[in-house]
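Here is the structure we will look at, set down as structure tokens.
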Amino acid sequence: MNSRDAYIALNMIDHVGPVRVKRLLERFGQPQAILAASAKELMQVEGVGPEVAKAIHGWQSQVDLDAELKRISDFGAHVLTLDDPDYPANLREIYDPPLALYMKGALEPRDKHAVAIVGSRQTTYYGLESARKLGYQLAYAGLTVASGLARGIDTAAHQGALAASGRTLAVLGTGLDIVYPPENGVLYEKIANGGGAVMTQFPFGVKPDTRHFPLRNRIVSGLSLGIIVVEAGVTSGALITANMALDQGRQVFAVPGRIDSPQSKGCHRLIKSGAKLIEDAEDVLSEFEDLFPKSQRPEAPAADATTLELSETEQKVFDAVGGDETDLDQVIRQSGLTSAEVFATLLRLEMRRLVRQLPGKRFVRIKA
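Printed below as a string of structure tokens:
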């Protein structure tokens, strides 16, 4: 058995986990040696009691490794383990890095410069647009956007990065073969098939469970240089992620919102506690000036539709906006596109300074 397969097997044993395996590696040196050890030898390691030792020693009774390796191959996935040189460097630094990362898509060297965007599933239009714009702006500047593929802020952040033809990493709280929420299936495929990578620490077939999401969130923050909380109530899991980021030594940013909005209370609490208030991606990039000097960042395109080549979809949406203020529903009707297509295209046009969003979900062209 090779080291990768041993890590995959250890990752599938109940109640083992990264911290125990770290201690076991200090004693046995290699993951294969852990699996070959007797229960008595295993129990000599701090934190390994009789039940855990029995589970590890008898791992073949609960883990069908050959079947799991076949699922990985059949799914077109690959697995990075702790001793793999391609394992994300930022993630390797945290206290409890996952033993195995199942992945669809591929990591690139530039993904070490990732920033996470997280927030509530129950969000406002303002929150969604803020997440999309930040995702777009950061990806356009060359950063990778990390998030959790959840409804709401996570989805908007991934969409923004893809709209900029940038990189985005989606971390799941399920097995790689289970898309949750189900409506994000198309987004999952876009990310996995060229927009970045979809990853999880959970084996195939693992279904959504509230206990899994904190484990997922530590990976989201662990992959990143910093984390942006866009919109979150005081009980939102995004605040837990922010606290994890602080424990991991990451920078924490927060987007302010309305003072009377419950979805803004968590962000305001973070700001009061020392998180950096941000209004756009420039506020984030300025914190990493040594990595992304302003002089080397790409400039946004000029705001003249006559000199810019628009795609067919962009032209439809631009024409639908027209010369006067136009509400969102009207743009959707006149363009003949889906609401998701219109959202993404309007964001691109805004970033290219061709249209501007007004209060009340209305849009207007920017005159050259």
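Residue numbers for the sequence shown follow the numbering used here, so the first one is 200 and each next one is one higher. Here a beta-carbon is modelled for each residue, glycine too, at the ideal position from N, C-alpha and C. Being a predicted model, the structure only gives us computed values, none of them experimental.
Worksheet item: So with Cβ pairs under 8 Å, would you call A519 a contact of chain B?
Response: In the structure shown, chain B does not exist; there is a single protein chain.
Worksheet item: Closest by CA to V251, which one among V278, S463, D263 and L223?
Response: V251 has its Cα closest to that of L223, out of V278, S463, D263 and L223.
Worksheet item: Hey, quick one: how far does the beta strand (DSSP E) through H277 stretch, first residue to last?
Response: Run containing H277: H277 to T280, per the beta strand (DSSP E) assignment.
Discussion item. Using DSSP's beta-bridge definition, name the partner residues of T399.
Written reply: Residue pairing by DSSP puts T399 in a beta bridge opposite Y301.
Worksheet item: Once you ignore the five residues that flank K464 on each side, which residues in its own chain have a CB closer than 7 Å to its CB?
Response: Hits under 7 Å: G432 and V433.
Worksheet item: Does DSSP put K475 in a helix, in a strand, or in coil?
Response: strand
Practice prompt. Look at the Cβ atom of H256, then the Cβ atom of A232, and state whether they are nearer than 8 Å.
Written response: no
Discussion item. Between which residues of its own chain and R203 is the CB-CB distance below 6 Å, once the five residues before and five after are set aside?
Written reply: The residues are T280.
Fill in: Unbroken beta strand (DSSP E) run spanning S329, endpoints
Element bounds for S329: not the beta strand (DSSP E) but the alpha helix (DSSP H), Y324 to Y339.
Practice prompt. Per DSSP, which residues does I316 bridge with? Please list them.
Written response: I427
Fill in: Sheet register partners of F452 (DSSP bridge)
DSSP lists I427 and K475 as partners of F452.
Worksheet item: Buried or exposed: where does R547 fall if 16 or more other Cβ atoms within 10 Å of its Cβ makes it buried?
Response: buried
Item to complete: Using only alpha-carbon positions, find the residue among A444, R219 and L484 that is nearest to L469.
Response: A444
Worksheet item: Should T544 go down as buried or exposed, given a rule of 16 or more other Cβ atoms within 10 Å for buried?
Response: T544 should be labelled buried.
Worksheet item: What runs of the beta strand (DSSP E), each 3 residues or longer, lie entirely inside the segment 346-407?
Response: 367-370 and 395-399
Worksheet entry | Within 8 Å, strictly: CB atoms of G304 and G395 | yes
Item to complete: List the whole-angstrom C-beta distance separating S346 from D353, where the pair is believed to meet the contact cut-off of C-beta under 8 Å.
Response: With 8 Å as the limit, S346 and D353 qualify as a contact, their Cβ atoms being about 4 Å apart.
Practice prompt. Return the CA-CA distance between P284 and L306, expressed in angstroms with no decimal places.
Written response: Distance between the alpha carbons of P284 and L306: 12 Å.
Item to complete: Out of V516, M550 and V314, state which residue places its alpha-carbon closest to the alpha-carbon of S538.
Response: V516
Discussion item. Tell me the rounded alpha-carbon separation between Q358 and E488.
Written reply: 25 Å
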